[in-house]
Ligand code: ADP
Ligand code: MG
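In my numbering, the protein residues as written are -6 to 221.
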């Protein structure tokens, strides 16, 4: 993904310059962490990257496609095919099994009906939950629920995985499993962007950008990594 002078001002009144015009390139297979205090513009940034909000300034290219030129239906289709979302709250349907939760997401991602169940089993296996495929969310731990949400995000085979505080609702043990999974996905070639308050998460990323008052700046990598 590439931002060229991308910014977003909420119209208000009063207008809020939530993301000041910025430049950023994230290449395929990178793992980027986004850090910053509450209200600094992290979710705004993620919503723009994820095609949920259109920037009010600049040019956003995703896989070489100029997203500003897209009509609403095409934006939605591009989002469904290329982007997987993981949020702090897992947003699972309570009366549906893990498999069904994953399958439902594929309805919107235009995966053929006949393929959905097999693919759901496949991604649940990938997140280490094959043995819990028929469980309802209430019977799963927080970490397992988030792994179902990650499986759901992976089902459409996105090129970009966007996570907004994915460990924010988890105790440290469960956070660790989710983090290890994100690391494994990155190792297998997935492009991962994670918003986080958690230094453990940021420490795993290859790159970190900080946002403060809507201003995005890349953080230098720690010395120990550069010398390795
Ligand atoms: P973060 O995720 O870092 O906590 P946000 O991106 O949610 O920050 O918000 C950045 C700023 O934009 C905040 O000042 C917030 O109040 C404001 N904001 C967020 N969403 C809207 C909106 N829909 N309309 C107006 N202002 C908003
Ligand atoms: Mg936020």
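A virtual CB, placed ideally from N, CA and C, is assigned to each residue, including glycine.
- The three-state secondary structure of residue 157, taken from DSSP, is strand.
- Spatial neighbours of residue 19 in its own chain (CB-CB distance under 6 Å, excluding positions within 5 residues in sequence) are listed in chain order as -6 and 25.
- Taking 7 Å as the cut-off, the C-beta of residue 90 does not count as close to any heavy atom of the ligand MG.
- Within 10 angstroms of the beta-carbon of residue 92 lie 16 or more other beta-carbons, which makes it buried.
- The C-beta separation of residue 203 from residue 77 comes to about 24 Å, leaving the pair out of contact by the 8 Å criterion.
- The C-alpha of residue 79 is placed about 14 Å away from the C-alpha of residue 183.
- Contact annotation: the region 51 to 69 does not touch the region 129 to 138, with fewer than three C-beta pairs closer than 8 Å.
- In this structure the region 48 to 62 does not lie against the region 124 to 132, because fewer than three pairs of beta carbons, one per stretch, are closer than 8 Å.
- Distances taken from the Cβ of residue 165 to the heavy atoms of the ligand MG include none shorter than 7 Å.
- Between the alpha carbons of residue 89 and residue 214 lies a gap of roughly 43 Å.
- For residue 139, there is no enclosing beta strand (DSSP E); the enclosing alpha helix (DSSP H) covers residues 135 to 147.
- Remark: the C-beta of residue 46 is outside contact range of the ligand MG, defined as less than 7 Å to any heavy atom.
- Ranking 41, 148, 31 and 5 by CA distance to the CA of residue 12 puts 41 first.
- Beta bridge pairing from DSSP links residue 168 with no other residue.
- A Cβ-Cβ separation of about 5 Å places residue 95 in contact with residue 148 under the 8 Å criterion.
- The C-beta distance from residue 176 to residue 197 rounds to 6 Å, short enough to meet the 8 Å contact threshold.
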